[in-house]
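Step one of this worksheet: look at the structure below.
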Amino acid sequence: MVEKVITLENISLIDFLGTENQNIKQLAAAFPSSKIISRGNEIKIQGQTPEITKIHEILSSLIDHYHKFGKITHNSVNRYLSSDSFTDEEVIVTSPDVIVYGSKGGVIKAKTPNQQKLVDAIEKNDLVFALGPAGTGKTYVSVAMAVRALKNKEVKKIIISRPVVEAGESLGFLPGDMKEKVDPYLRPIYDALEDMIPVEKLKYYQENKIIEIAPLAYMRGRTLNNAFVLLDEAQNTTPAQMKMFLTRMGPNAKLMVNGDWSQIDLPRNQRSGLMEALNILRGVKGIGVVEMTADDVVRHRLVKDIVNAYSKLEEERRAKRDAQAEEDEKNGVVVNNRRVRNNAQV
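Each number in the working numbering comes from the position in the sequence shown (counting from 1) with 97 added on.
Right, here's the structure in full:
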């Protein structure tokens, strides 16, 4: 009688073992001459050497499957039991348009043509700007691409940042220390990551700095190498902050910059670093720019109508400002602190 113990690390036991250990019971039923016992995060196998080796190979493949897809199902166990080869690639046929599999095994992929353009741009370029209104999937697709790069070992870490700019509220009135004050601003990123990585594994990644989520100010002085770096809400960066972020780029790094020019929360007299960067870097090779529209909104059907309504209002205001500027030019405007009227200085 031979005994072997397998320890499950960074694995959700319910998602791996199944309800009431159904997945392990299913495996045990296929090998009646051996004992497979699950206790806590350990699986103990007892039996003869040839069968123990086969069970160990299946369990190892199931662990790899879990880390790739986030869950083990009844069908998953059946596939591995009926296969002579236990390599994940031969057992699971994946669709080429799948970006990554979610923490519960769901498929995450581009849902609109522009989202697919964003995926293609990230694959082809080391620096990509994604622009567009809320709900178009900029952050979600970017996080998915970052998770895929990490799982495929294309990068060693993911760094996600955003400027902390108060949108009508004051940080000073929020309870807690700086991390607790900042975390609500980063909540959309946490939500996306939790959709794609099991909770235990995400916690492990964060504790070991494999995934970092931090305010933009924390990027100063760093060289970001072997990393997928995402700057979200970039419309709220100042020109100095944007330059600082872009120049953090080290060898073998990918930078994603996401922004929505309709939601700039900077003071009125402060220029957006995102808008300035787009003008300065226009035409530079190796930089991708993808513009999303209201047609890419994947939230509630009303969100698309809301975005269109606000866009229409902004266009009307812009036209009104242009008309006023033209009228001011005819009647006299302030130039270099002097009033000009009818071509005469006042």
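Virtual Cβ for every residue (Gly too), placed ideally from N, Cα, C.
| query | Excluding sequence positions up to five away, which residues of its chain have a Cβ less than 8 Å from the Cβ of Ser239? | reply | Residue numbering aside, residue 239 sits at position 142 when the sequence shown is read from its first letter. Leu215, Ile219, Ala227, Leu327, Asp329, Met353, Asn355.
Item to complete: Taking Gly370 as part of the alpha helix (DSSP H), name the residues at either end of that continuous run.
Response: As a working note, residue 370 is residue 273 in the sequence shown. That run of the alpha helix (DSSP H) goes 370–377.
Note to self: Cutting at 6 Å between CB atoms, please list the residues of its own chain near Arg259, excluding the five before and the five after it.
What the structure shows: For the purposes of this step, residue 259 is taken as residue 162 along the sequence shown, with counting starting at 1. Contacts found: Asp329, Glu330.
Buried or exposed, going by whether 16 or more other CB atoms sit within 10 Å of the CB of Lys257? Working through the sequence shown from its first residue, we reach residue 257 at position 160. Residue identity differs from the one stated: residue 257 is Ile in this sequence, not Lys. The residue in question, Ile257, is buried, as its Cβ has 16 or more Cβ neighbours within 10 Å.
Taking a contact to mean a Cβ-Cβ separation below 7 Å, would you say Ile308 touches Tyr302 in this structure? Counted from its first residue, the sequence shown places residue 308 at position 211. Counted from its first residue, the sequence shown places residue 302 at position 205. Yes, the Cβ-Cβ distance between Ile308 and Tyr302 is below 7 Å.
| task | Determine which residues share a DSSP beta bridge with Gln143 and list them. | result | On the sequence shown, residue 143 is found 46 positions in, with the first residue counted as 1. Its beta-bridge partners are Glu100, Lys132.
May I ask you to report which of helix, strand or coil DSSP gives Ser359?
What you label residue 359 is simply residue 262 of the sequence shown in a count that begins at 1. Looking at Ser359 - three-state DSSP - the assignment turns out to be coil, as it is neither helix nor strand.
* **Cβ separation of Thr236 and Ile160, assumed to be a contact under 8 Å, to the nearest whole Å** => Translated into positions along the sequence shown, residue 236 becomes position 139. Translated into positions along the sequence shown, residue 160 becomes position 63. So it is not a contact: roughly 30 Å between Cβ atoms.
_CA-to-CA distance, Ala391 to Glu426, given in whole angstroms_ = Your numbering for residue 426 matches position 329 in the sequence shown. Your numbering for residue 391 matches position 294 in the sequence shown. Cα to Cα, the separation comes out at about 35 Å.
Check your understanding: Do the CB positions of Tyr282 and Val261 come within less than 7 Å of each other?
Key -> Counting from one through the sequence shown, the residue named residue 282 turns up at place 185. Counting from one through the sequence shown, the residue named residue 261 turns up at place 164. Yes, these two residues count as a Cβ contact at 7 Å.
Item checked: Extent of the continuous alpha helix (DSSP H) to which Val296 belongs -> The count along the sequence shown starts at 1 and reaches residue 296 at position 199. Taken as a continuous stretch (DSSP letters only), the alpha helix (DSSP H) holding Val296 covers 296–304.
Residue(s) in a DSSP beta bridge with Pro260: Here residue 260 corresponds to residue number 163 of the sequence shown, with the count starting at 1. Answer is none; Pro260 lacks a bridge partner.
(Q) Could you give the first and the last residue of the continuous alpha helix (DSSP H) run that contains Val252? (A) Position 155 of the sequence shown, counting from 1, holds the residue named residue 252. Where Val252 is concerned, there is no enclosing alpha helix (DSSP H), given that its DSSP letter is neither H nor E.
Between Lys351 and Phe325, is the Cβ-Cβ spacing less than 7 Å? What you label residue 351 is simply residue 254 of the sequence shown in a count that begins at 1. What you label residue 325 is simply residue 228 of the sequence shown in a count that begins at 1. In contact: Lys351 and Phe325 (Cβ atoms closer than 7 Å).
Name the two residues that bound the continuous beta strand (DSSP E) containing Pro348. On the sequence shown, residue 348 is found 251 positions in, with the first residue counted as 1. Note, Pro348: premise wrong, no beta strand (DSSP E); not H, not E.
Taking 7 Å as the limit between beta carbons, can you name the residues of its chain near Ala222, skipping five residues before and five after? By 1-based counting over the sequence shown, the position of residue 222 is 125. Checking the sequence shown, residue 222 turns out to be Asn, not Ala. Answer for Asn222: Gly383, Ile384, Gly385, listed in chain order.
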